[in-house]
Amino acid sequence: AKGQALMDASIGSAFQVANHVFVRGLISLVLARSSGQATFQSIADKSIERMKSWSEHAPSNFQHKLLLLQAEYSFLLGKSKDAAEKYEMAIEKAGKNGFIHEKAIAFELAGIFYRAEGNVSKATQLYGQAHDTYLQWGAKGKADHLRLNCPF
Numbered sequence: 752a753k754g755q756a757l758m759d760a761s762i763g764s765a766f767q768v769a770n771h772v773f774v775r776g777l778i779s780l781v782l783a784r785s786s787g788q789a790t791f792q793s794i795a796d797k798s799i800e801r802m803k804s805w806s807e808h809a810p811s812n813f814q815h816k817l818l819l820l821q822a823e824y825s826f827l828l829g830k831s832k833d834a835a836e837k838y839e840m841a842i843e844k845a846g847k848n849g850f851i852h853e854k855a856i857a858f859e860l861a862g863i864f865y866r867a868e869g870n871v872s873k874a875t876q877l878y879g880q881a882h883d884t885y886l887q888w889g890a891k892g893k894a895d896h897l898r899l900n901c902p903f
């Protein structure tokens with residue numbers, strides 16, 4: 752029983768660590784894009800490397816996270832075609848594996864990407880999908896924020 756309790760605690764910790772690495776990577780990429788500081792890109796590199804390893808062992812839990820980090824990295828580097836493909840795959844994999852909240856985030860980040868690329872109609876479509884997916888997840892406040900701050 753004690754061994755099971757320790758195992759259960761460590762599994763919970765593993766998911767918390769993975770989510771921390773994922774969110775830290777996303778934040779670092781946004782900061783690298785807005786500030787141009789290499790420090791943030793270095794943090795993102797480490798997050799992507801860790802996510803690659805986890806994705807190999809548990810793709811249904813981590814592949815969409817890796818794809819979204821890679822999409823944001825490609826956006827940072829100006830690799831538009833690769834970014835677009837990775838956003839699309841991240842959205843598809845997050846939905847397929849039941850990560851609705853991360854599907855909503857992927858829709859929103861893809862909308863930001865397309866807006867930056869000057870594709871307003873695609874950005875508008877993605878913001879609308881992000882809004883609807885946030886509502887599906889139960890994040891009404893986030894959906895309202897998106898509706899008020901992003902044109903769709």
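Residue 752 is where the sequence shown starts when you use my numbering, and the numbers rise one by one after that.
Glycine included, C-beta positions come from ideal geometry on N, C-alpha and C.
Item                                                                                                         : Value
The stretch 806-826 contacting the stretch 848-859, beta-carbon criterion three pairs below 8 Å              : yes
Start-end ranges of the alpha helix (DSSP H) lying completely within the stretch 810-898, minimum 4 residues : 810-828, 831-847, 851-867 and 871-888
Exposed unless 16 or more other CB atoms sit within 10 angstroms - verdict on methionine 758                 : Its pLDDT being 47, under 50, methionine 758 is placed unreliably by the model, and nothing is read from it.
Per-residue burial, glutamine 880 [other beta carbons within 10 Å of its own, 16 or more giving buried]      : buried
Inter-residue spacing [alpha-carbon to alpha-carbon] between serine 786 and tryptophan 888                   : 32 Å
Beta-carbon proximity check, glycine 892 vs tyrosine 878, cutoff 7 Å                                         : no
Run of the alpha helix (DSSP H) containing asparagine 791, from where it starts to where it stops            : One point to set straight first is that residue 791 is phenylalanine, not asparagine, in the sequence displayed. It spans 789-808 - the alpha helix (DSSP H) in which phenylalanine 791 sits, taken as one unbroken run.
Closest Cα partner of alanine 783 within the set Val772, Gly849, Phe773 and Ala795                           : Ala795
Beta-carbon proximity list for phenylalanine 906, same chain, < 8 Å, skipping 5 on both sides                : Missing from the structure shown is residue 906; the chain here goes from 752 to 903 and no further.
Glutamine 876 to alanine 841 span [Cα, whole Å]                                                              : 17 Å
Helix, strand or coil at phenylalanine 903 according to DSSP, with G and I counted as helix                  : coil
Contact set for phenylalanine 850: own chain, Cβ-Cβ below 7 Å, skip 5 residues either direction              : His815
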